[in-house]
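Here's the structure we're looking at; comments come further down.
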Amino acid sequence: MHLLLVEDDDSLRQTLERSLSRTGMRVSTCSDGARALPLWHSTLPDVVVLDLNLPNVDGLQVLRLGRDAGLRTPVLLLTARGTVGDKVAGLNAGADDYLPKPFDLDELEARIRALHRRQESVLEVHTPTLRAGRLHYDGHSGAMFLAGHIFELPPRELSLLRTLMARAGKAVTKEQLFGLVFPGESEIQYDAIEVVVYRLRKKLADTGVKLVTLRGLGYLLKAEA
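First residue of the sequence shown? That's 1 in the working numbering, and the numbers climb one at a time after it.
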């Protein structure tokens, strides 16, 4: 999971970055509201943890601008403000969850992971039919088709392809793919996803799409000219 943490308290930000990284998350950080939105745009994280009290541009404004720009990333607000009015303002601005300071680190991690799971479920629900090149995925039956005929794939390759089709043209990180292709299999190394990618790439010949590796970013599905 890729997390964007926007927090201006240096000590808290460093502590959270270190602690959440140890749980397997990839954490990008920012301490300034003015820099938060460009970073959100450029990194496209899975979840944003956003402090309300930020220098230059406050968290509510960052959130509103992000939502106005079409960024649908789940957002968890962190703030020392604990009033009902502040909570309502944050939720009305587009936040998905709210955690007042001080908070328990385990609760923060649990809420982040809950938002991530919810977002993955939303993607599945709202994209029952996927198309790319000559491929067609039917979300109702769970079947993949190539030019109208069943395209047989092992479960892991099917999960990988379905995920990439849902985000066609956008990079998906190795960590994101690993969590979907090998759910709950912590004993398997991250590099195992490369084996699945290799096998799927060979099978995608003549389908109208290519599986592209983007160094340092991940993988994406690209329609062939």
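All C-beta atoms, glycine included, are put in the ideal place defined by N, C-alpha and C.
These figures come from a predicted structure and were not determined experimentally.
State the DSSP-derived secondary structure class of Met144, mapped to helix, strand or coil.
Secondary structure of Met144 (DSSP, three-state): strand.
Can you tell me the Cα-Cα spacing of Thr213 and Gly169, whole angstroms?
In a straight line, the C-alpha of Thr213 is about 12 Å away from that of Gly169.
From Ala143 to Ala132, what distance separates their C-alpha atoms?
One C-alpha to the other measures close to 14 Å.
If you follow the beta strand (DSSP E) that Pro100 is in, where does it begin and where does it stop?
It spans Asp97 to Pro100 - the beta strand (DSSP E) in which Pro100 sits, taken as one unbroken run.
Thinking just about the alpha-carbon of each residue, which of Arg134, Val6 and Leu146 is nearest to the one in Val57?
In this structure, Val6 is the residue among Arg134, Val6 and Leu146 with its C-alpha nearest to the C-alpha of Val57.
Close Cβ partners of Lys174 (< 7 Å) along its chain, the five nearest in sequence each way excluded
Hits under 7 Å: Tyr190, Ile193 and Gly218.
The alpha helix (DSSP H) that contains Lys174, what's its start and end?
Following the DSSP letters along the chain, one finds Lys174 inside the alpha helix (DSSP H) bounded by residues Lys174 to Val181.
From the DSSP output, read off the bridge partner residues of Ala223.
According to DSSP, Ala223 bridges with Val209.
Would you decide whether Ala166 is buried or exposed? Buried here means 16 or more other CB atoms lie within 10 Å of its CB.
Only buried fits Ala166, as 16 or more other CB atoms lie within 10 angstroms of its CB.
If you scan the segment 52-88 from start to end, which runs of the beta strand (DSSP E) of 3 or more residues do you find wholly inside it?
The segment 52-88 contains these whole beta strand (DSSP E) runs: 75-79.
Sort out for me which residues DSSP pairs Arg131 with in a bridge.
Arg131 is bridged to His136.
Considering only C-alpha positions, which residue in the set Arg118, Asp51 and Gln119 is nearest to Lys87?
Closest option to Lys87, Cα to Cα, is Asp51.
Rounded Cβ spacing between Leu99 and Leu78 (contact assumed at less than 8 Å)
Yes, Leu99 and Leu78 are in contact; Cβ-Cβ is about 6 Å, under 8 Å.
Cβ shell of Val125 (< 8 Å), same chain only, five flanking positions each side left out:
Low confidence applies here, because Val125 scores a pLDDT of 48, under 50, leaving its location unreliable and the question unanswered by this model.
Between Leu164 and Leu91, how many whole angstroms is the CB-CB distance? I'm expecting something under 8 Å.
About 32 Å separates the two Cβ atoms, so there is no contact after all.
If I follow the unbroken beta strand (DSSP E) through Thr29, where does it start and stop?
Annotation: the continuous beta strand (DSSP E) that includes Thr29 extends over Arg26 to Cys30.
Rounded straight-line distance, which links the Cα of Leu44 to that of Leu60:
If you take the alpha carbons of Leu60 and Leu44, they lie about 19 Å apart.
Given this structure, state the Cα-to-Cα distance separating Glu157 from His2, to the nearest angstrom.
Glu157 and His2 have their C-alpha atoms roughly 22 Å apart.
Would the beta-carbon of Val62 fall within 8 Å of that of Leu37?
Taking the C-beta atoms as reference points, Leu37 is found nearer than 8 Å to Val62.
Going by the beta-carbon positions, is the gap between Leu71 and Trp40 smaller than 8 Å?
Taking 8 Å as the Cβ cut-off, Leu71 and Trp40 qualify as a contacting pair.
Going by the CB atoms, is the gap between Val197 and Leu135 shorter than 8 Å?
At least 8 Å separates the beta-carbon of Leu135 from that of Val197.
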